[in-house]
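Okay, so here's the structure we're looking at.
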DNA sequence: GTCTATAGCGCGATAGAC
DNA sequence: GTCTATCGCGCTATAGAC
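Protein chains in written order, with my numbering: chain U, 1 to 192; chain R, 193 to 384.
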């Protein structure tokens with residue numbers, strides 16, 4: 001079922017969340033995944049290959065848990081769907097913490113590692129698009145451009161608040177409250 | 193005038209912006225500052241001491257360039273002061289790029305390095321307070337709590353947008369536009 | 001306070017057997 | 001595909017002279 005490659009990527013996400021990109025040691029990754037270092041180099045070529053693959057793995061997984069959880073919440077009003085989707089990034093579950101931390105790390109690393117940028121931009125664009133669509137579902141009359149701008153602000157705010165949450169500056173609850181108000185503020189503006 | 197210690201810190205800010213916290217090599221720092229590695233360890237004890245001192249140096253410097261530039265723009269209306277202050281973080285000058293990059297790096301590092309957290313939280317609190325005061329100058333009738341919440345959102349958004357700007361996701365201009373609209377949105381909300 | 005020299009080893013990466 | 005063994009560089013940190 002879970003092939004070795006996937007096992008390694010899961011371990012990498014866990015480890016990046018725990019130690020950061022800079023703290024990721026290939027040997028430690030091997031231990032965490034219960035494989036040899038040789039196998040890791042066989043599958044991913046080099047250290048930066050591990051990072052690229054992990055970025056992709058994480059953004060896929062985030063897409064999945066988002067879709068799942070919102071679907072399972074049953075057909076709700078569009079506004080709650082938008083709110084819930086954004087709030088999913090602020091939960092004290094292991095996977096969310098892992099994903100958010102690793103995501104922040106990889107974005108930070110992309111400032112100095114060109115090979116990470118492309119994947120990051122793609123994932124960001126997709127995310128912005130999803131949020132823009134949810135906004136459109138709430139306010140169908142609003143044209144695409146302002147909706148996309150609002151989406152960009154909201155996702156950028158998620159990243160900013162995540163940074164503060166994960167570095168201990170604010171609690172999850174505070175982050176959630178600030179996020180909810182931001183949605184309110186943006187929608188009120190678009191509805192004018 | 194500029195003692196060796198300061199020269200080292202300036203060089204550290206430059207290098208962190210260029211290579212990241214992860215890429216900072218003590219030997220390279222010594223070369224950049226034109227001193228010996230021994231002197232660096234004499235002044236800062238160890239690598240993480242360098243980081244702590246640089247964080248403090250950077251946030252002091254940011255406070256200074258903010259105050260200076262806003263003062264020099266002559267007595268303007270409070271709203272422009274607020275806007276200008278927030279937009280100062282999005283400029284293609286070397287010092288701003290340096291400060292923003294280093295700040296982002298240090299925030300990311302704080303997720304895994306407890307010794308950085310305290311300084312980071314203090315600096316963030318001061319920053320939030322400054323923005324909250326500027327908001328109060330625009331809308332004196334608004335009570336402190338909602339103003340502070342708006343300030344938190346705005347500064348968190350600055351960090352989020354900076355991350356995207358510096359990792360190549362958006363241009364400075366786009367970041368500025370998004371930021372300006374955010375100010376508009378927040379003020380409209382508070383004025384209601 | 002400042003430099004030079006070097007210890008010491010952590011860690012990425014590869015070779016080669018199975 | 002997967003493992004074991006190992007090489008050798010790169011980097012932090014210290015010792016000791018001036």
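Using N, Cα and C, we set each Cβ at its ideal position, and we do this for glycine too. Treat the numbers as computed from the prediction; the structure is a model and nothing was measured.
Buried or exposed: where does residue 351 of chain R fall if 16 or more other Cβ atoms within 10 Å of its Cβ makes it buried?
-> By the 10 Å Cβ count, residue 351 of chain R comes out buried.
Cβ of residue 37 of chain U less than 8 Å from any chain R Cβ?
-> For residue 37 of chain U, the closest Cβ of chain R is not nearer than 8 Å.
Determine whether the Cβ of residue 144 of chain U lies closer than 8 Å to any Cβ atom of chain R.
-> no
Inter-residue Cα distance where the pair is residue 389 of chain R and residue 112 of chain U = Here chain R has residues from 193 to 384 only, and residue 389 of chain R is not among them.
Under 8 Å between C-beta atoms, does residue 225 of chain U make it to chain R?
-> Nothing about residue 225 of chain U can be reported from this structure: the residues present for chain U run from 1 to 192 only.
How about residue 197 of chain R: is its C-beta nearer than 8 Å to some C-beta of chain U?
-> no
Identify each residue in the region 353-384 of chain R for which the Cβ-Cβ distance to at least one residue of chain U is less than 7 Å, and report them in chain order.
-> 353, 355, 356, 358, 359, 360, 361, 370, 373, 374, 377, 378, 380 and 381
Between the beta-carbon of residue 104 of chain U and the beta-carbon of residue 55 of chain U, is there less than 8 Å?
-> At a Cβ-Cβ threshold of 8 Å, residue 104 of chain U and residue 55 of chain U do not count as neighbours.
Residue 348 of chain R: first and last residue of the uninterrupted alpha helix (DSSP H) it sits in | First-last of the alpha helix (DSSP H) with residue 348 of chain R: 336-358.
Select from the region 311-345 of chain R all residues with a C-beta closer than 8 Å to any C-beta belonging to chain U, and list them in chain order.
-> 312, 313, 316, 341, 344 and 345
Identity of the residue in R:216, R:220 and R:228 nearest residue 196 of chain R by Cα | R:228
Examine chain R for any beta-carbon lying closer than 8 Å to the beta-carbon of residue 20 of chain U, and answer yes or no.
-> yes
Chain R residues whose Cβ lies nearer than 7 Å to that of residue 108 of chain U | 296, 297 and 300
Residue 278 of chain R, enclosing alpha helix (DSSP H) - first and last residue | 270-279
Hey, residue 353 of chain R and residue 372 of chain R: beta-carbon distance below 8 Å or not?
-> no
For a contact meaning CB atoms closer than 7 Å, what does residue 351 of chain R contact in chain U?
-> Within chain U, the residues near residue 351 of chain R are 160 and 163.
Length of the line joining the Cα atoms of residue 252 of chain R and residue 109 of chain U | 25 Å
Proximity winner among R:256, R:374, R:379 and R:288, relative to residue 332 of chain R (alpha-carbon distances) = R:379
Going by other Cβ atoms of all chains shown within 10 Å of its Cβ, with 16 needed for buried, is residue 77 of chain U buried or exposed?
-> exposed
Going along chain U in order, which residues have a C-beta closer than 8 Å to the C-beta of residue 254 of chain R?
-> Under the 8 Å cutoff, chain U gives no residues; its nearest Cβ is about 16 Å from residue 254 of chain R.
When U:80, U:75 and U:11 are compared against residue 31 of chain U, the one with the closest alpha-carbon = U:11
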